[in-house]
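S.K.: Next up is a structure, given as structure tokens.
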Amino acid sequence: EGLPSRGPPGEVIHLNVGGKRFSTSRQTLTWIPDSFFSSLLSGRISTLKDETGAIFIDRDPTVFAPILNFLRTKELDPRGVHGSSLLHEAQFYGLTPLVRRLQLREELDRSSCGNVLFNGYLPPPVFPVKRRNRHSLVGPQQLGGRPAPVRRSNTMPPNLGNAGLLGRMLDEKAPPSPSGQPEEPGMVRLVCGHHNWIAVAYTQFLVCYRLKEASGWQLVFSSPRLDWPIERLALTARVPGGALGEHDKMVAAATGSEILLWALQAEGSGSEIGVFHLGVPVEALFFVGNQLIATSHTGRIGVWNAVTKHWQVQEVQPITSYDAAGSFLLLGCNNGSIYYVDVQKFPLRMKDNDLLVSELYRDPAEDGVTALSVYLTPKTSDSGNWIEIAYGTSSGGVRVIVQHPETVGSGPQLFQTFTVHRSPVTKIMLSEKHLISVCADNNHVRTWSVTRFRGMISTQPGSTPLASFKILALESADGHGGCSAGNDIGPYGERDDQQVFIQKVVPSASQLFVRLSSTGQRVCSVRSVDGSPTTAFTVLECEGSRRLGSRPRRYLLTGQANGSLAMWDLTTAMDGLGQAPAGGLTEQELMEQLEHCELAPPAPSAPSRGSLPSPSPRISLTSLHSASSNTSLSGHRGSPSPPQAEARRRGGGSFVERCQELVRSGPDLRRPPTPAPWPSTSLGTPLTPPKMKLNETSF
Numbered sequence: 001e002g003l004p005s006r007g008p009p010g011e012v013i014h015l016n017v018g019g020k021r022f023s024t025s026r027q028t029l030t031w032i033p034d035s036f037f038s039s040l041l042s043g044r045i046s047t048l049k050d051e052t053g054a055i056f057i058d059r060d061p062t063v064f065a066p067i068l069n070f071l072r073t074k075e076l077d078p079r080g081v082h083g084s085s086l087l088h089e090a091q092f093y094g095l096t097p098l099v100r101r102l103q104l105r106e107e108l109d110r111s112s113c114g115n116v117l118f119n120g121y122l123p124p125p126v127f128p129v130k131r132r133n134r135h136s137l138v139g140p141q142q143l144g145g146r147p148a149p150v151r152r153s154n155t156m157p158p159n160l161g162n163a164g165l166l167g168r169m170l171d172e173k174a175p176p177s178p179s180g181q182p183e184e185p186g187m188v189r190l191v192c193g194h195h196n197w198i199a200v201a202y203t204q205f206l207v208c209y210r211l212k213e214a215s216g217w218q219l220v221f222s223s224p225r226l227d228w229p230i231e232r233l234a235l236t237a238r239v240p241g242g243a244l245g246e247h248d249k250m251v252a253a254a255t256g257s258e259i260l261l262w263a264l265q266a267e268g269s270g271s272e273i274g275v276f277h278l279g280v281p282v283e284a285l286f287f288v289g290n291q292l293i294a295t296s297h298t299g300r301i302g303v304w305n306a307v308t309k310h311w312q313v314q315e316v317q318p319i320t321s322y323d324a325a326g327s328f329l330l331l332g333c334n335n336g337s338i339y340y341v342d343v344q345k346f347p348l349r350m351k352d353n354d355l356l357v358s359e360l361y362r363d364p365a366e367d368g369v370t371a372l373s374v375y376l377t378p379k380t381s382d383s384g385n386w387i388e389i390a391y392g393t394s395s396g397g398v399r400v401i402v403q404h405p406e407t408v409g410s411g412p413q414l415f416q417t418f419t420v421h422r423s424p425v426t427k428i429m430l431s432e433k434h435l436i437s438v439c440a441d442n443n444h445v446r447t448w449s450v451t452r453f454r455g456m457i458s459t460q461p462g463s464t465p466l467a468s469f470k471i472l473a474l475e476s477a478d479g480h481g482g483c484s485a486g487n488d489i490g491p492y493g494e495r496d497d498q499q500v501f502i503q504k505v506v507p508s509a510s511q512l513f514v515r516l517s518s519t520g521q522r523v524c525s526v527r528s529v530d531g532s533p534t535t536a537f538t539v540l541e542c543e544g545s546r547r548l549g550s551r552p553r554r555y556l557l558t559g560q561a562n563g564s565l566a567m568w569d570l571t572t573a574m575d576g577l578g579q580a581p582a583g584g585l586t587e588q589e590l591m592e593q594l595e596h597c598e599l600a601p602p603a604p605s606a607p608s609r610g611s612l613p614s615p616s617p618r619i620s621l622t623s624l625h626s627a628s629s630n631t632s633l634s635g636h637r638g639s640p641s642p643p644q645a646e647a648r649r650r651g652g653g654s655f656v657e658r659c660q661e662l663v664r665s666g667p668d669l670r671r672p673p674t675p676a677p678w679p680s681t682s683l684g685t686p687l688t689p690p691k692m693k694l695n696e697t698s699f
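Structure follows, in structure tokens:
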């Protein structure tokens with residue numbers, strides 16, 4: 001080091017960069033000390049020359065041209081060259097002034113405080129103590145029964161290094177995951193929200209936040225450290241009456257066949273209700289009112305009732321989808337039947353140990369019901385309501401069945417059939433204005449506009465095709481780097497409003513794309529403010545402030561690999577719809593995302609039902625999301641029903657009559673989204689270059 005450059009400063013140097021010749025002076029190449037060129041020309045790096053005697057450098061000549069111009073003029077003109085490629089080459093050549101300038105240009109477009117949609121940041125919580133007994137309460141952040149406030153700052157929280165949550169968790173051995181792969185103990189695995197509450201699951205514990213009007217989001221509960229990794233998460237933040245009271249909240253976590261349930265209080269305390277066993281792997285966990293529901297693809301369903309404190313398990317047909325309408329739970333099964341269960345009758349049937357599972361409809365072709373969506377129309381007359389059910393089948397069919405108020409005893413009637421998918425339908429959503437279906441062909445989406453007359457679906461002109469697009473999402477073949485249940489694409493949102501898909505292209509991505517579920521149009525894109533990969537996300541419909549003129553807000557919640565949680569204002573993004581690019585990802589954006597992963601070759605054969613792919617360190621393109629990918633729940637605003645309506649609901653009546661009564665009274669019961677079926681097909685083929693130029697909506 002420190003050797004003088006060989007030759008006079010004005011000596012002409014001939015370079016062969018990737019097959020293209022360049023000529024410049026020694027002084028131009030060596031004015032930056034300790035760079036690649038100064039080391040090359042001083043003899044510290046061995047040189048390779050071509051047949052003409054020019055120094056050969058095996059790099060991209062297109063990117064080298066603006067770098068050479070910078071060395072000549074000290075001015076940067078990156079036209080025609082991508083900024084990240086130029087920065088990478090500048091770092092390779094060791095050109096410190098150019099590297100700093102390029103990094104500054106990137107930082108002008110990015111901020112640790114996010115963009116206008118960035119709404120909040122919650123740092124990783126304190127690592128709790130280990131769970132000792134059945135009635136252990138909360139972690140060490142609870143001091144004297146008062147919740148410790150979330151640390152807030154005008155700047156980003158400092159890097160914790162080996163202190164705090166990550167340091168303490170990484171010092172201990174994480175429990176093995178069911179897939180046999182190592183877990184990331186500090187990353188966010190699952191996020192779900194209900195009203196003004198958020199539940200965040202890490203590998204061995206979960207925390208709950210509550211939004212207070214004046215002080216913002218506050219950490220109010222942390223579970224003890226568990227002995228197993230959390231795989232499912234469910235939260236209810238408003239129970240309509242019952243023995244627990246109107247203000248009680250509950251949060252549940254599950255792994256394998258075991259379910260742990262806690263009761264939460266608004267002031268921040270919490271207690272463990274109990275541990276329940278389903279006997280088979282839990283693949284869906286959610287609340288319907290104050291009933292905790294756990295289902296498995298094997299056909300077993302478990303129910304815990306908040307009033308009777310009773311846990312009940314019953315066998316049904318193998319379950320491939322579900323949805324909830326009011327107090328009714330609908331199950332789509334692989335035999336082509338749709339069953340319904342009235343959860344309000346649970347307290348009356350506990351002695352008989354019978355959940356009153358009744359068959360509502362059977363598919364004409366007896367294809368498996370792989371996706372399910374129920375829509376209760378608004379009240380239109382004294383005669384009742386029109387009940388609409390859309391479902392997808394294992395053969396790719398999409399059907400809509402309806403129940404007329406005048407034909408209560410005849411059961412639902414087939415209304416429409418679409419056969420536009422050639423792969424099993426994994427998701428379906430029937431809303432006020434749109435019918436949306438997603439199939440297993442790399443999340444291919446088809447949408448229709450729904451025509452209604454006085455709130456009821458109409459045949460004139462009927463459902464008309466609206467859009468066709470894909471929500472490309474890659475998943476890790478070895479199951480490492482995130483929990484698939486926390487990366488559900490959606491659609492998210494209330495059924496009487498515009499719904500959205502959330503697209504994360506590669507597992508390690510720190511950028512998410514929000515797209516309209518009806519047309520695929522981009523609403524916005526968000527990027528992690530601290531640069532860490534996004535490992536889980538969901539959409540929260542949050543109640544508005546009590547102040548005059550406020551309205552409910554919609555937030556995108558993103559959990560990061562470093563344990564933090566970020567919030568993004570989707571209401572503002574929807575208000576500014578049209579300012580983002582018209583389609584989905586552009587070709588350039590797609591290539592940027594794919595740079596972060598390696599695509600695996602297609603699987604040689606289709607695994608049998610319930611089998612898992614062999615572990616691989618690569619990334620593969622999957623067509624199906626697991627049935628557990630719908631743990632995120634959405635709220636349905638309303639008020640508790642009067643005692644008379646409550647008595648009628650607990651009494652007799654057919655399925656249709658009881659649904660009509662529920663809609664009139666407007667109970668606060670949620671509709672969990674339809675889960676994808678249990679995977680029965682092989683992994684999809686890897687992404688291949690298209691034969692023709694792709695448009696912006698192809699991704």
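Number 699 marks the last residue of the sequence shown (the UniProt record's numbering); no jumps. From the three backbone atoms N, C-alpha and C, an ideal C-beta is built for every residue, glycine too.
#1: Do three or more CB pairs link the stretch 515-534 to the stretch 453-469 at distances below 8 Å?
#2: Where Ile401 and Ile387 are concerned, what is the direct C-alpha to C-alpha distance, given to the nearest angstrom?
#3: Taking the alpha carbon of Ser296 as the point to measure from, which residue in Asn334, Gln403, Gly18, Val398 has its own alpha carbon closest?
#4: The alpha helix (DSSP H) with Asn290 in it runs from where to where?
#5: For Gly531 and Leu86, what's the separation of their Cα atoms in angstroms?
#6: Name the DSSP beta bridge partners of Pro465, please?
#7: Please name the residue in Leu29, Arg522, Ala324, Gly186 whose C-alpha comes closest to that of Leu206.
#8: Answer yes or no: do His195 and Ala237 have a C-beta to C-beta separation smaller than 7 Å?
#9: Can you list, in chain order, the residues of its chain whose CB lies under 8 Å from that of Arg105, leaving out five sequence neighbours each side?
#10: Which value, in whole angstroms, describes the spacing of the CA atoms of Cys538 and Phe92?
#11: Do you know how far the Cα of Val425 is from the Cα of Asn442?
#12: Can you check which of these residues, Ala266, Gly493, Ile259, is closest to Gly279 by C-alpha distance?
#13: Taking the alpha-carbon positions, what's the Glu267 to Trp217 distance?
#14: Any contact between the stretch 445-458 and the stretch 419-433? By contact I mean 3 or more CB pairs, one from each, below 8 Å.
#15: Can Ile301 and Val316 be called in contact, C-beta distance under 7 Å?
#16: Rounded to a whole number of angstroms, what is the C-alpha to C-alpha distance between residue 701 and Ser449?
#17: Quick one: what does DSSP say Gly332 is sitting in, helix, strand or coil?
#18: Helix, strand or coil for Leu86, going by three-state DSSP, please let me know.
#19: Considering only residues of the same chain and omitting the five flanking positions on each side of Pro465, which have a CB-CB separation below 7 Å?
#20: What would DSSP say about Leu669, mapped onto helix, strand or coil?
#21: When we look at the beta-carbon of Leu48 and count the other beta-carbons within 10 Å, is it buried (16 or more) or exposed?
#22: State the beta-bridge partners of His14 as determined by DSSP.
#23: Mapping the DSSP letters down to three states, classify Gly392 as helix, strand or coil.
#24: Which residue comes first and which comes last in the beta strand (DSSP E) that contains Ser410?
#25: Pick helix, strand or coil for Leu76, following the three-state DSSP scheme.
#26: Assign Glu359 to buried or exposed, taking buried as 16 or more other Cβ atoms, counted over all protein chains shown, within 10 Å of its Cβ.
#27: Beta-carbon separation of Ile293 and Val282 under 7 Å?
#28: Do the stretch 320-329 and the stretch 362-378 meet, that is, are 3 or more Cβ pairs less than 8 Å apart?
#29: If you measure between the beta carbons of Gly486 and Phe501, is that distance less than 7 Å?
#30: Answer with buried or exposed for Ala214, where buried requires no fewer than 16 other C-beta atoms within 10 angstroms of its C-beta.
#31: Helix, strand or coil for Leu278 per DSSP?
#32: Look at the Cβ atom of Gly493, then the Cβ atom of Ser437, and state whether they are nearer than 7 Å.
#33: Considering only DSSP beta bridges, list what Arg300 is partnered with.
#34: When the Cα atoms are used, what is the spatial distance from Pro8 to Gly18?
#35: Give me the Cβ distance between Arg210 and Tyr202, rounded to the nearest whole Å; I'm assuming they're in contact under 8 Å.
#36: Taking the beta carbon of Glu541 as the centre, do at least 16 other beta carbons fall within 10 Å, making it buried, or is it exposed?
M.R.: By the coordinates alone:
#1: yes
#2: On the sequence shown, residue 401 is found 401 positions in, with the first residue counted as 1. On the sequence shown, residue 387 is found 387 positions in, with the first residue counted as 1. Rounded to the nearest angstrom, the two C-alpha atoms are 8 Å apart.
#3: Indexing the sequence shown from 1 puts residue 296 at position 296. Of the listed residues, the one whose Cα sits closest to Ser296 is Asn334.
#4: For the purposes of this step, residue 290 is identified with residue 290 of the sequence shown, where counting begins at 1. Run containing Asn290: none; DSSP gives neither H nor E here.
#5: Start at 1 with the first residue of the sequence shown, and residue 531 comes out as number 531. Start at 1 with the first residue of the sequence shown, and residue 86 comes out as number 86. Taking the straight line from one Cα to the other gives about 20 Å.
#6: As a first step, residue 465 is located in the sequence shown; it is residue number 465 there, counting from the start. Answer is Trp448.
#7: Against the sequence shown, residue 206 aligns to sequence position 206. Looking at the Cα atoms, Gly186 is the closest of the given residues.
#8: Translated into the one-based positions of the sequence shown, residue 195 becomes position 195. Translated into the one-based positions of the sequence shown, residue 237 becomes position 237. For His195 and Ala237, yes; Cβs fall inside 7 Å.
#9: Within the sequence shown, numbered from 1, the residue matching residue 105 stands at position 105. These residues qualify, in order along the chain: Gly83.
#10: The count along the sequence shown starts at 1 and reaches residue 538 at position 538. The count along the sequence shown starts at 1 and reaches residue 92 at position 92. Reading off the sequence, residue 538 comes out as Thr, not Cys. About 39 Å.
#11: In the sequence shown, the residue the question calls residue 442 occupies position 442. In the sequence shown, the residue the question calls residue 425 occupies position 425. Taking the straight line joining both Cα atoms gives about 11 Å.
#12: Start at 1 with the first residue of the sequence shown, and residue 279 comes out as number 279. That would be Ile259, whose Cα lies nearest to the Cα of Gly279.
#13: The residue labelled residue 267 in the question sits at position 267 within the sequence shown. The residue labelled residue 217 in the question sits at position 217 within the sequence shown. Whole-angstrom Cα-Cα distance: 13 Å.
#14: yes
#15: Looking up residue 301 in the sequence shown gives position 301. Looking up residue 316 in the sequence shown gives position 316. Yes, they are a contact pair.
#16: Lying before the first or after the last residue shown, residue 701 is absent from the chain, which here runs from 1 to 699.
#17: Start at 1 with the first residue of the sequence shown, and residue 332 comes out as number 332. Residue state, collapsed to three classes: strand.
#18: Within the sequence shown, the letter at position 86 stands for residue 86. Correct three-state label for Leu86: helix.
#19: Sequence index remark: in the sequence shown, residue 465 carries index 465 (1-based). Hits under 7 Å: Trp448.
#20: Start at 1 with the first residue of the sequence shown, and residue 669 comes out as number 669. Confidence is the limiting factor: at Leu669 the pLDDT is only 44, short of 50, which leaves the residue's position unreliable, though a coordinate-based value still follows. In the structure shown, Leu669 sits in coil (DSSP, three-state: anything other than H, G, I, E or B).
#21: Translated into positions along the sequence shown, residue 48 becomes position 48. Classification of Leu48: exposed, given that the 10 Å Cβ count is below 16.
#22: In the sequence shown, residue 14 corresponds to position 14, counting from 1. Paired residues: Ser23.
#23: Residue mapping note: residue 392 aligns to position 392 of the sequence shown, counting from 1. It is a strand residue.
#24: Looking up residue 410 in the sequence shown gives position 410. Counting along the chain, Ser410 falls outside any beta strand (DSSP E), and DSSP gives it neither H nor E.
#25: Numbered from its first residue, the sequence shown carries residue 76 at position 76. Three-state DSSP puts Leu76 in coil, outside helix and strand.
#26: For the purposes of this step, residue 359 is taken as residue 359 along the sequence shown, with counting starting at 1. Classification of Glu359: exposed, given that the 10 Å Cβ count is below 16.
#27: Along the sequence shown, one-based indexing puts residue 293 at 293. Along the sequence shown, one-based indexing puts residue 282 at 282. No, these two residues do not count as a Cβ contact at 7 Å.
#28: yes
#29: Numbered from 1 along the sequence shown, position 486 holds the residue referred to as residue 486. Numbered from 1 along the sequence shown, position 501 holds the residue referred to as residue 501. Not in contact: Gly486 and Phe501 (Cβ atoms no closer than 7 Å).
#30: Taking the first residue of the sequence shown as position 1, residue 214 is located at position 214. Flag for Ala214 reads exposed.
#31: In the sequence shown, counting from the first residue as 1, residue 278 sits at position 278. Coil at Leu278, not helix or strand.
#32: Reading the sequence shown from its first residue, position 493 is the one you call residue 493. Reading the sequence shown from its first residue, position 437 is the one you call residue 437. No, the pair does not count as a contact, with Cβ atoms beyond the cut-off.
#33: As a first step, residue 300 is located in the sequence shown; it is residue number 300 there, counting from the start. In the DSSP output, where bridge partners are listed per residue, Arg300 has Glu315.
#34: Counted from its first residue, the sequence shown places residue 8 at position 8. Counted from its first residue, the sequence shown places residue 18 at position 18. Distance between the alpha carbons of Pro8 and Gly18 is about 26 Å.
#35: Within the sequence shown, the letter at position 210 stands for residue 210. Within the sequence shown, the letter at position 202 stands for residue 202. Contact doesn't hold; Cβ gap of about 18 Å is too wide.
#36: Here residue 541 refers to the residue found at position 541 when the sequence shown is read from its first residue. Buried, because 16 or more other Cβ atoms sit within 10 Å of the Cβ of Glu541.
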